[in-house]
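> Protein chains in written order, with my numbering: chain A, -9 to 273; chain B, -9 to 273. Questions regarding the structure given below will be posed in turn.
Laid out in structure tokens, this is it:
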């Protein structure tokens, strides 16, 4: 059976019009939201980010592997088909710059932009390398930590085995202020070998920092996420179906929007991705 | 005399073609690079980011103030005129999503994309707010710290009064490894009241982290920068021409690209912006 994440990533490359310039053309992919990755309203944003990246990965003119991805959630997706357009805005010798948009038919029957994105892919060369943000060393093994109970209201959290180490969802919504840090182990459920698309999705598994900071439940939603990839295809293969250690925190909560920065390491301590987002919160 | 930064921000809004849809249309602005903000090759990337943001700020259909900005440097700008196209991809009740590109005529006489960007503007409401990343308290006053001597090779550094607190440029390029952290005070020179555009530019004043980390001079250049704004126009006005405290560090150096995260506080301790970039390095 096809893994649900691979089902969600399924994109159908549309034929170019006969008069189109075949080289370096914008290409259109048809896809749809997947019920296994449903959030409270619309899909889990991590899967949307992965779908945008997948359009780059599937583009016939792609050069290199993902280096940077920024996804802007302009409107909540409908549980319905969509089209992603991926355009190589510039191709250099070793880097390529992508512009993307996701379009759906809105309630009024009109095509509207729901997501915009940019991405950079790069053909990397081997150089001096170093991790300056080391994996926290004082963490219990994933096997000895408890799986985060799914809140039951959303489906996507069942698709990740998350083991809370610190900073779990508040047990009591009593307004007690704390720092916003969460540490957890995470991997796909069912197991699936890590790739760039799933790494992008896992960059968004952390619940809204404002809930942690305030022990106060308020509506929240990501407005824009950026993922930087610090790993090659070989490093992903070496990670395989292993656990990732994730850590997230906010730096500023200001008049309706907070930021969140997070890191994802594999068990060997390789920092695979650093990721940042700006998130709406109601109060 | 007009401040050089305002000269650099000068954009000439082009008339729409007579048949264009006047509402929510893409608008084109003509501008050019400014010699006072020249880098070793092409302009200082912070000013390019500010010019992209300025096209949003100048767009007649803009809603709200800057919340997020991502600028991708697809190719080194030529010291020449350019056109920026700013398009409101989606306008919601309180947020607006922007797609931008900068086009120049290349050496072969062809129009090419040199920069792509996305931005989000938002009409903020007053909510519970908090700074979780407080300004470092153990820093000397700007008046008692030494101005960073300009390396002499680039013009843009003369346009900022930067006072190094920690992690200055290595004095000896002897390969001694250190952490990548830099702290400094910064403000415009000549003085200029802070606004969103200059805050975007100051997000990019930090020299490449790889130089600090390794005490090794290697070619480096920003590929993509993201800025999150955590301040209102009132907060900018309150900051005025005061100093900003900036702090930058890398988390990963991997096969030709490192990341850099930075924070900018005003002297009152308000965290004005958090910013992230991914940077090419040669070796």
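The C-beta atom is built at its ideal place from N, Cα and C for all residues, glycine as well. Treat the numbers as computed from the prediction; the structure is a model and nothing was measured.
For residue 255 (chain B), count the other beta carbons within 10 Å of its own beta carbon; 16 or more makes it buried, fewer makes it exposed. Which is it?
Classification of residue 255 (chain B): buried, given that the 10 Å Cβ count is 16 or more.
> My understanding is that residue 278 (chain B) touches residue 146 (chain B), with C-beta atoms under 8 Å, so please give their C-beta distance in whole angstroms.
The structure shown has nothing for residue 278 (chain B), since chain B only spans -9 to 273.
> Measuring CA to CA, which of B:122, B:220, B:194 is closest to residue 262 (chain B)?
Checked all of B:122, B:220, B:194; the closest Cα to residue 262 (chain B) is B:220.
> Check the Cβ of residue 87 (chain A) against every Cβ in chain B and list those closer than 7 Å, keeping chain order.
By Cβ distance, chain B contributes 62, 64, 106.
> Expressed to the nearest angstrom, what Euclidean distance is found between the alpha-carbon atoms of residue 253 (chain A) and residue 218 (chain A)?
Distance between the alpha carbons of residue 253 (chain A) and residue 218 (chain A) is about 10 Å.
> For a contact defined as C-beta to C-beta under 8 Å, what are the partners of residue 245 (chain A) on chain B?
Those within 8 Å of residue 245 (chain A) in chain B are 114, 115, 116, 117, 119, 222.
> Please compile the residues from chain A whose C-beta is within a distance smaller than 7 Å of the C-beta of residue 29 (chain B).
The contacting residues do not exist; residue 29 (chain B) stays about 18 Å from chain A at best.
> Taking the beta strand (DSSP E) that residue 152 (chain A) falls in, what are its first and last residues?
Counting along the chain, the beta strand (DSSP E) containing residue 152 (chain A) begins and ends at 150 to 156.
> Tell me the DSSP secondary structure of residue 249 (chain A) in three-state form.
Residue 249 (chain A): strand per DSSP, three-state reduction.
> Check residue 121 (chain A) in the structure and name its three-state DSSP category.
In this structure, residue 121 (chain A) counts as strand in the three-state DSSP scheme.
> Against chain B, with Cβ distances strictly below 7 Å, would residue 176 (chain A) count as a contact?
No, its Cβ sits nowhere closer than 7 Å to a Cβ of chain B.
> Note down, in chain order, all residues in the region 121 to 154 of chain B with a beta-carbon under 9 Å from any beta-carbon belonging to chain A.
So the close ones are 121, 122, 123.
> Rounded to whole angstroms, how far is the Cβ of residue 277 (chain B) from the Cβ of residue 172 (chain B), which I believe are closer than 8 Å?
Residue 277 (chain B) lies beyond the residue range present for chain B, which begins at -9 and ends at 273; the question has no answer from this structure.
> Is residue 222 (chain B) helix, strand or coil by DSSP?
Correct three-state label for residue 222 (chain B): coil.
> Is DSSP giving residue 242 (chain B) helix, strand or coil here?
Reduced to three states, the DSSP call for residue 242 (chain B) is strand.
> Is it true that the region 104 to 115 of chain B meets the region 53 to 63 of chain B, where meeting means three or more beta-carbon pairs spaced less than 8 Å apart?
Touching, yes.
> By how many angstroms is the C-alpha of residue 66 (chain B) removed from the C-alpha of residue 61 (chain A)?
For residue 61 (chain A) and residue 66 (chain B), the distance between alpha carbons rounds to 24 Å.
> Using the DSSP secondary-structure output, state which residues sit across from residue 236 (chain A) in a beta bridge.
Partner(s): A:174, A:254.
> Check the Cβ of residue 276 (chain A) against every Cβ in chain B and list those closer than 8 Å, keeping chain order.
Look at the range of chain A in this structure, -9 to 273, and you will see that residue 276 (chain A) is not part of it.
> Residue 4 (chain B) and residue 52 (chain B) look like a contact to me (Cβ under 8 Å); what is the Cβ gap, rounded to whole Å?
Contact doesn't hold; Cβ gap of about 16 Å is too wide.
> Applying the 10 Å Cβ sphere with the 16-neighbour rule, what's the burial state of residue 170 (chain A)?
Per the 10 Å Cβ criterion, buried.
> Contact check, residue 180 (chain B) vs residue 24 (chain B) under 8 Å by CB: the rounded distance?
With a Cβ gap of about 14 Å, residue 180 (chain B) and residue 24 (chain B) do not count as contacting.
> Give the DSSP bridge partners of residue 1 (chain A), in chain order.
Note: residue 1 (chain A) sits in no beta bridge, so no partner.
> Going by Cα to Cα distance, which pick from B:41, B:63, B:215 is closest to residue -2 (chain B)?
Answer by Cα proximity: B:41.
> Spatial neighbours of residue 144 (chain A) within its chain, please: CB distance less than 7 Å, with the 5 preceding and 5 following residues excluded, ordered by chain position.
Contacts found: 28, 29, 30.
> Go ahead and label residue 152 (chain A) buried or exposed: buried means 16 or more other beta carbons lie within 10 angstroms of its beta carbon, across all protein chains shown.
It is buried - the Cβ of residue 152 (chain A) has at least 16 other Cβ atoms within 10 Å.
> What first and last residue would you give for the beta strand (DSSP E) that runs through residue 114 (chain A)?
Unbroken run through residue 114 (chain A): none, as it is neither H nor E.
> Compare the C-beta of residue 75 (chain A) against all C-beta atoms of chain B and say whether one is closer than 7 Å.
Taking Cβ atoms only, chain B never reaches closer than 7 Å to residue 75 (chain A), which makes this a no.
> Listing by chain order, which chain A residues have their CB less than 8 Å from the CB of residue 94 (chain B)?
Result: empty, since nearest Cβ-Cβ is about 11 Å, beyond 8 Å.
> Output, in chain order, the set of chain A residues within a Cβ distance shorter than 9 Å of residue 18 (chain B).
Neighbours of residue 18 (chain B) on chain A: none; closest Cβ ~16 Å, over 9 Å.
> Do residue 271 (chain B) and residue 223 (chain B) come within 7 Å of each other at the CB atom, strictly closer than that value?
Cβ distance not < 7 Å, so residue 223 (chain B) and residue 271 (chain B) don't count as in contact.
> Check residue 88 (chain A) in the structure and name its three-state DSSP category.
Looking at residue 88 (chain A) - three-state DSSP - the assignment turns out to be strand.
> Less than 7 Å separating the beta-carbons of residue 163 (chain B) and residue 207 (chain B)?
In this structure, residue 207 (chain B) lies closer than 7 Å to residue 163 (chain B) by Cβ.
> Could you have a look at residue 231 (chain A) and say whether DSSP puts it in helix, strand or coil?
In this structure, residue 231 (chain A) counts as coil in the three-state DSSP scheme.
> Taking C-beta to C-beta, are residue 126 (chain A) and residue 175 (chain A) nearer than 7 Å?
No. Outside cutoff.
> Rounded to the nearest angstrom, what separates residue 178 (chain B) and residue 100 (chain A) at their Cα positions?
So the alpha carbons of these two residues sit roughly 47 Å apart.
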